[in-house]
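Q:
Numbering (my numbering), first residue to last: 149 to 363.
#1: Should residue 151 go down as buried or exposed, given a rule of 16 or more other Cβ atoms within 10 Å for buried?
#2: Taking DSSP as the reference, what is the three-state secondary structure of residue 236?
#3: Excluding sequence positions up to five away, which residues of its chain have a Cβ less than 7 Å from the Cβ of residue 307?
#4: CB-CB under 6 Å to residue 206, same chain, minus the five flanking residues each way: which ones, in chain order?
#5: Using three-state DSSP, classify residue 352 as helix, strand or coil.
#6: To which residues of the same chain is residue 246 closer than 6 Å at the C-beta, ignoring the five residues directly before and after it?
#7: Report the three-state DSSP secondary structure of residue 181 (helix, strand or coil).
#8: Would you kindly work out how many angstroms separate the C-alpha atoms of residue 324 and residue 289, rounded to a whole number?
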């Protein structure tokens, strides 16, 4: 995976984006560098073979936007509406997402590394071949989401909600911490380690009405 901007196969073709993204507009081989976009309205925008470094999106909406073969590093997404967006072959490194709405979105072959998620809404999203590597996820909401071949190596998960989520080949064994606040019954289809099973035992017992006694 590319570690630096110069590692991207399309790096030499990148050109600066000199204006705010606009609705229903296509952007190819653009570089968003150090910009602060406040309440940008760019629903339906399309980004392909593009990169972002040190950029901030605060408020606003990129609903229905498409991100294909994109690379973001040291970026911040704060209170942005990313619902029903589509991400494919994307990588986000050292990125912060807080209060972001990404419900109903499709993420395929996406890698998050060293990212921080705070109250991100993944409801009804479809995640396929997604990796959360060395990330911190606080109160992520996966209600009704579909997760296929998703992993969390080195990540810390706190207060995850999983009601009505559908999991297939989801590997939680590499997570440094695993905290599920609601919907633990949706773990069917997930892979966990023996220590994680012991940590989750009280929640399993409560969910399924099991009484544990040693007398």
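Glycine included, each C-beta is placed from N, C-alpha and C at the ideal position. Predicted, not measured: the structure shown is a model, and the values here were computed from it.
A: Walking through what the data contain:
#1: Classification of residue 151: exposed, given that the 10 Å Cβ count is below 16.
#2: Strand, per DSSP.
#3: Cβ neighbours of residue 307 within its own chain (closer than 7 Å, five residues either side excluded): 286, 287, 327, 329.
#4: A distance below 6 Å between beta-carbons, with the five flanking residues on each side excluded, links residue 206 to the following residues of its chain, in chain order: 186, 226.
#5: Helix.
#6: The answer, listed in chain order, is 226, 266.
#7: Here residue 181 sits in strand by DSSP.
#8: Cα to Cα, residue 324 sits roughly 19 Å from residue 289.
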